[in-house]
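K.L.:
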Amino acid sequence: MKRIVLLITVCCTMMIAGAQHSSAQSKKRSAAEWKKVLTPDQYEILVEKGTEPAYNNAYWNNHEKGVYVSAATGDVLFTSDDKYDSHTGWPSFVKPVAPSKIEIVKDTSYGMVRDEVVERSTGLHLGHVFDDGPADRGGKRYCMNSGALKFIKK
Numbered sequence: 001m002k003r004i005v006l007l008i009t010v011c012c013t014m015m016i017a018g019a020q021h022s023s024a025q026s027k028k029r030s031a032a033e034w035k036k037v038l039t040p041d042q043y044e045i046l047v048e049k050g051t052e053p054a055y056n057n058a059y060w061n062n063h064e065k066g067v068y069v070s071a072a073t074g075d076v077l078f079t080s081d082d083k084y085d086s087h088t089g090w091p092s093f094v095k096p097v098a099p100s101k102i103e104i105v106k107d108t109s110y111g112m113v114r115d116e117v118v119e120r121s122t123g124l125h126l127g128h129v130f131d132d133g134p135a136d137r138g139g140k141r142y143c144m145n146s147g148a149l150k151f152i153k154k
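Letter by letter, the sequence shown follows residues 1 to 154 in the numbering used here.
1. Let's see if you can read the secondary structure: which residues bound the alpha helix (DSSP H) around VAL37?
2. Quick check on ALA32: buried or exposed, where buried means 16 or more other Cβ atoms within 10 Å of its Cβ?
3. DSSP three-state label for ALA135, please.
4. How many Å lie between LYS140 and LYS154 at the Cα?
5. For the candidate residues ARG29, GLY138, THR88, whose alpha-carbon lies nearest to that of LEU46?
6. Give me the DSSP bridge partner(s) of MET112.
7. In the DSSP assignment, find the unbroken alpha helix (DSSP H) run with TYR43 in it and report its ends.
8. Let me know the secondary structure DSSP gives ASP82 once reduced to three states.
9. Hey, would you say PRO146 sits closer than 7 Å to PRO91, going by beta carbons?
10. What did DSSP end up calling LYS95 once you bin it into helix, strand or coil?
11. Go ahead and pull the three-state DSSP assignment for SER70.
12. Could you check whether LEU126 and PRO96 sit closer than 7 Å to each other, using their CB atoms as the reference points?
13. Can you check whether the CB of TYR43 is closer than 7 Å to the CB of LYS49?
So, in structure tokens, the structure goes:
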């Protein structure tokens with residue numbers, strides 16, 4: 001009986017893990033597929049790893065309460081409670097809603113070494129993270145592109 005219970009437990013665990021892997025894989029698309037579902041600006045930022053102009057983007061000066069979701073997947077990435085004015089011209093946050101939603105990768109483009117923030121489920125570019133954020137709130141500045149996000153007001 002113990003073997004049957006163990007076998008059922010193992011099978012259920014494998015099915016759940018497979019479903020989670022399948023769900024994450026379904027969010028990975030080719031550049032051509034993303035081009036069909038994103039706006040040209042979103043595509044430039046998310047897929048081509050572009051950067052929008054400082055002080056000339058949708059959310060740098062947004063002070064409303066709500067959440068910031070991925071423009072590609074709709075997953076909640078940041079909250080207004082963690083947003084602050086970094087005086088850089090881009091929306092900045094002290095932390096993501098959950099570390100599991102993002103991934104930090106080394107970015108050596110343009111002759112610089114930076115920490116790029118990508119959406120974990122898709123690998124799409126969101127922005128960069130720096131160590132010059134508010135010291136009393138962890139010291140991080142998640143400097144995001146508005147075009148990578150959508151704001152949902154509370």
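Don't be surprised by glycine CBs; every beta carbon is placed ideally from N, CA and C.
P.N.:
Taking the structure as given:
1. As a working mapping, residue 37 is identified with position 37 in the sequence shown. For VAL37, the enclosing alpha helix (DSSP H) starts and ends at 31-37.
2. Against the sequence shown, residue 32 aligns to sequence position 32. With fewer than 16 other CB atoms across the displayed protein chains lying within 10 angstroms of its CB, ALA32 is exposed.
3. As a first step, residue 135 is located in the sequence shown; it is residue number 135 there, counting from the start. Here DSSP, grouped into helix, strand and coil, assigns ALA135 to helix.
4. Within the sequence shown, numbered from 1, the residue matching residue 140 stands at position 140. Within the sequence shown, numbered from 1, the residue matching residue 154 stands at position 154. Using only the alpha carbons, I get a separation of about 25 Å.
5. In the sequence shown, counting from the first residue as 1, residue 46 sits at position 46. Nearest of ARG29, GLY138, THR88 to LEU46, Cα basis: ARG29.
6. In the sequence shown, the residue the question calls residue 112 occupies position 112. Its beta-bridge partners do not exist; DSSP assigns none.
7. Translated into positions along the sequence shown, residue 43 becomes position 43. Note, TYR43: alpha helix (DSSP H), 40-46.
8. As a first step, residue 82 is located in the sequence shown; it is residue number 82 there, counting from the start. If DSSP states are grouped into helix, strand and coil, ASP82 belongs with the helices.
9. Within the sequence shown, residue 146 is the residue found at index 146, counting from 1. Within the sequence shown, residue 91 is the residue found at index 91, counting from 1. One point to set straight first is that residue 146 is Ser, not Pro, in the sequence displayed. In contact: SER146 and PRO91 (Cβ atoms closer than 7 Å).
10. The residue given as residue 95 occupies position 95 in the sequence shown. Assignment of LYS95 by DSSP, reduced to helix, strand and coil, places it in the coil class.
11. Mapped onto the sequence shown, residue 70 falls at position 70. Here SER70 sits in strand by DSSP.
12. As a working mapping, residue 96 is identified with position 96 in the sequence shown. As a working mapping, residue 126 is identified with position 126 in the sequence shown. No, Cβ-Cβ distance for PRO96 and LEU126 is not below 7 Å.
13. Looking up residue 49 in the sequence shown gives position 49. Looking up residue 43 in the sequence shown gives position 43. Pairing LYS49 with TYR43 gives a Cβ-Cβ distance that is not under 7 Å.
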